[in-house]
Amino acid sequence: MSDMGLTVKKSEDFSEWYTQTVLKSGLADYSSVKGCMIFREHSYAIWEKIQKIFNQKIKATGHRNVYFPLFIPESLLKKEAAHFAGFVPEVAWITHGGDTPLEEKLAVRPTSETIMYAAYAKWVRSWRDLPIKLNQWCSVVRWETEATKLFLRTREFLWQEGHTAHATKEEADQEAMDILHMYKDIMENYLAIPVLAGKKTDREKFKGALYTTTLEAIMPDGKALQMGTSHQLGQNFSKVFDIKYLDQKEKEQHVWQTSWGFSTRMIGAMVMVHGDDKGLVLPPKIAPIQVVIVPIPYKGTSIESITSKAKELQEKLQKAGLATVLDDREEYTPGWKFNEWELKGAPIRVEIGPRDIKQGQVTLARRDTSQKIAVKQEEAVDALIKLLDEIQSRMLAKAKKALEENTTTVKTYEEFKKVLNAKGGFIRASWCADAGCEEKIKEETGATIRLEPFEKETVFSKCIYCEKEAKKVVYFARAY
RNA sequence: GGGGUAGUCGUCUAGCUUGGUCAAGGAUACCAGCCUGGGGCGCUGGCGGUCCUGGGUUCAAAUCCCAGCUACCCCA
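Quick note on our numbering: the first sequence kicks off at 16 and runs consecutively.
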């Protein structure tokens with residue numbers, strides 16, 4: 016059963032608040048495996064909702080789902096040198112089957128480029144075989160040595176990884192960008208988390224990619240969180256895996272590839288961005304339960320009349336396509352249920368009690384503002400649909416405002432450090448594009464370049480670090 | 001990568017400073033029964049603990065020491 020409410024305030028102890036919210040809302044729990052977590056019903060339902068939305072989008076654009084093996088032979092993982100170097104420190108290896116040592120050790124996939132592209136090499140012969148546009152939902156393992164955090168950094172996590180192969184660079188560029196736009200749509204219009212979109216620096220890009228595009232959100236504690244990435248892999252992998260085809264001019268070509276992914280850490284972002292001192296606040300489009308109906312029986316009032324009204328409303332809501340629960344558990348008081356559903360983040364609660372029955376109304380309580388509104392019974396469905404919409408857009412607007420307030424423009428390194436330590440957030444600054452400066456800044460402050468925005472911004476000062484001529488405007492932050 | 005804090009019924013915790021009064025107390029949860037219901041209702045009774053693990057010190061360890069495990073926090 017669920018525990019009592021949160022004992023700390025979000026504004027007072029953010030880390031503790033986060034852990035408590037995740038555990039007590041029933042999203043997740045620890046298990047016996049260090050650094051790993053249990054995705055409980057509540058978070059898994061959210062994940063399924065995200066899957067449904069994303070599947071719809073990628074299938075509509077010609078992608079298909081597949082499943083590749085969990086294990087990758089060492090020789091395959093090693094093929095692309097930069098890729099291997101990037102991942103090897105956190106690869107979990109299988110060395111034995113029973114008591115028998117394996118002839119070649121197997122990596123538990125940290126990502127599936129290599130195992131998938133070995134197959135692509137077999138499947139591609141002609142320009143007619145292209146493009147290949149596959150996606151898989153799975154878990155990956157990255158053996159973190161640093162402290163883990165529920166949803167944000169665990170040794171195993173769930174994600175989707177898309178892997179495509181194209182005839183031309185332009186096509187692959189386009190694919191990487193199209194996917195990033197889909198991601199952005201999901202983050203902003205479903206999760207209600209506004210993101211910055213841009214390109215990673217060479218230092219921060221996916222190991223083995225030509226370039227990496229990314230979406231970055233800011234958390235209330237001023238740290239950035241990478242929400243999804245989409246990589247143009249160029250021909251780096253196709254050359255080492257020998258994925259090639261004969262084009263229409265009978266010339267042999269290597270394919271151009273992309274890979275892209277987002278993970279369950281998005282759920283953590285949603286908790287951080289929207290949650291409050293009562294627990295989760297879920298955006299209506301993502302909430303597994305959008306409307307919870309709590310009947311309020313009173314002695315002396317016919318319980319029948321209340322539950323029948325409640326059931327009636329639930330049926331109407333279900334017909335209208337809303338995810339609804341009628342919480343008619345008799346063993347809990349209404350007040351207890353209010354608290355529980357608030358902890359779990361249900362966007363709207365509908366109360367039906369004697370007062371409502373008498374006046375032919377129901378009472379709606381918004382999770383995001385705690386506001387209570389009475390509406391006529393016959394107008395309840397329309398009112399709820401409208402209110403869910405309103406909550407969704409208000410949550411995004413609120414988060415957008417937070418993003419703006421958490422973005423600071425600086426012209427000097429002194430200012431940079433001051434802002435970083437005082438409030439964090441995104442720090443917009445001019446940079447000479449030299450990796451040395453980038454590295455030094457990271458060493459001295461812990462901040463990294465999160466991205467270079469797609470929409471080119473005009474340089475407005477010398478390089479923040481070396482004070483030489485700046486070449487681009489970039490966004491720095493400390494990140495999760 | 002570096003540092004810090006913590007681990008006692010399912011959960012939160014008292015006890016630890018100063019070893020014995022603790023074969024571990026409370027709250028909550030859970031079970032039974034009553035009573036109720038518009039913000040975590042109330043009453044009665046009941047169930048529940050390898051005091052994280054392993055060593056050590058001691059007549060005596062939840063308490064002191066060492067090691068390990070796990071979690072959390074902070075810093076680079």
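Ideal Cβ positions, reconstructed from N, Cα and C, are used throughout, including at glycine.
Taking the beta strand (DSSP E) that residue i belongs to, which residues open and close that run?
i      : result
Arg55  : Element bounds for Arg55: n/a, residue is neither H nor E.
Glu267 : Glu267 to His269
Ile442 : Phe441 to Trp446
Glu482 : Here Glu482 belongs to no beta strand (DSSP E), and DSSP marks it neither H nor E.
Ala492 : Lys487 to Ala492
Within its chain, find whatever has a CB closer than 8 Å to the CB of residue i; leave out the 5 residues flanking it on each side and keep chain order.
i      : result
Val434 : Thr423, Val425, Gly440 and Ile442
Leu402 : Ile363, Leu379, Arg381 and Ile388
Ile258 : Tyr132, Tyr135, Ala136, Val139, Ala180, Phe252, His269, Val270 and Gln272
Ala450 : Thr216, Asp217 and Arg218
Ser127 : Phe83, Ile87, Gln151, Cys153, Val155, Glu176 and His178
Val507 : Residue 507 is absent from the structure shown; the chain starts at 16 and stops at 495.
Lys238 : Gly439, Ala492, Arg493, Ala494 and Tyr495
Lys199 : Val210, Ala212 and Leu230
Based on DSSP bridge pairs, tell me the residues matched to residue i.
i      : result
Leu1   : A question about residue 1 goes unanswered here, because the residues of the chain that appear run from 16 up to 495.
Glu203 : Looking at the DSSP assignment, Glu203 forms no beta bridge with any residue, so it has no partner.
Gly294 : Asp291
His181 : Trp271
Gln376 : Lys391
Ser278 : Trp174
Trp108 : Ala122
Pro310 : Ile367
Leu261 : Ser141 and Glu267
Gln241 : Glu231
Pro88  : Leu121
Thr463 : Ala492
Taking the CB atoms as reference points, tell me whether residue i and residue j lie closer together than 9 Å.
i      : j      : result
Met410 : Ala212 : no
Tyr490 : Leu466 : yes
Asp105 : Glu159 : The sequence given here places Glu at residue 105; Asp does not occur at that position. Closer than 9 Å, so yes.
Val255 : Glu95  : yes
Asp262 : Trp142 : yes
Thr463 : Arg493 : yes
Leu240 : Met287 : yes
Glu119 : Pro146 : no
Gln250 : Asp188 : no
Thr163 : Leu195 : no
Val396 : Ser445 : no
Gln392 : Asp371 : yes
Leu21  : Asp292 : yes
Going by DSSP, what residue range makes up the alpha helix (DSSP H) through residue i?
i      : result
Ala43  : No alpha helix (DSSP H) contains Ala43, which is instead part of the beta strand (DSSP E) from Ala43 to Tyr45.
Ser127 : Premise fails: Ser127 is in no alpha helix (DSSP H) and is neither H nor E.
His2   : The structure shown does not extend to residue 2, since the chain spans only 16 to 495, so no value can be given for it.
Lys49  : Looking at the DSSP string, Lys49 is not in any alpha helix (DSSP H), and its letter there is neither H nor E.
Val37  : Phe29 to Lys39
Glu357 : Pro349 to Lys359
Ile456 : Ala450 to Thr460
Val210 : Neither: Val210 is in no alpha helix (DSSP H) and is coded neither H nor E.
Leu435 : Tyr428 to Ala437
Glu327 : Ile318 to Lys334
Excluding the 5 residues flanking residue i on each side, which residues of the same chain have their C-beta closer than 7 Å to its C-beta?
i      : result
Thr34  : Leu165
Ile68  : Ile201 and Tyr205
Ser278 : Phe172, Leu173 and Trp174
Thr460 : Lys432 and Leu435
Cys447 : Cys478, Cys481, Lys483, Glu484, Ala485 and Lys486
Met16  : Because Met16 carries a pLDDT of 35, less than 50, the predicted location of this residue cannot be relied on, and the following value inherits that uncertainty. There are no such residues.
Thr322 : Pro310 and Asp343
Using alpha carbons as the reference points, say which of the options lies closest to residue i.
i      : options                           : result
Ile479 : Glu357, Ala136 and Ile456         : Ile456
Tyr347 : Pro312, Ile65 and Leu328          : Pro312
Gln496 : Arg344, Ile308, Glu355 and Glu345 : For residue 496 there is no data in the structure shown, the boundaries of the chain being 16 and 495.
Ala335 : Ile372, Ile321 and Val306         : Val306
Glu203 : Asn354, Gln386, Ile65 and Lys471  : Ile65
Pro235 : Ser26, Ser445, Glu355 and Cys452  : Ser26
Lys39  : Ser58, Leu195 and Ala325          : Ser58
Met197 : Val340, Asp114, Glu267 and Trp275 : Trp275
Asn421 : Ala60, Ile406 and Glu231          : Glu231
Trp62  : Lys326, Asn80, Pro303 and Ser317  : Pro303
Arg170 : Tyr45, Ala417, Gly77 and Leu341   : Tyr45
Skipping 5 residues on each side, what residues in its chain have a beta carbon closer than 6 Å to that of residue i?
i      : result
Gly368 : Ile311
Asn98  : In the sequence as presented, Asn is not what sits at residue 98; that position holds His. Cβ within range, chain order: Lys222 and Gly223.
Asp28  : none
Phe469 : Ala212 and Gly213
Leu337 : Gln305 and Val306
With respect to 8 Å, is the separation between the Cβ of residue i and the closest non-hydrogen atom of the ligand SAM below this value?
i      : result
Lys314 : With respect to the ligand SAM, the structure offers nothing, as it holds no ligand at all.
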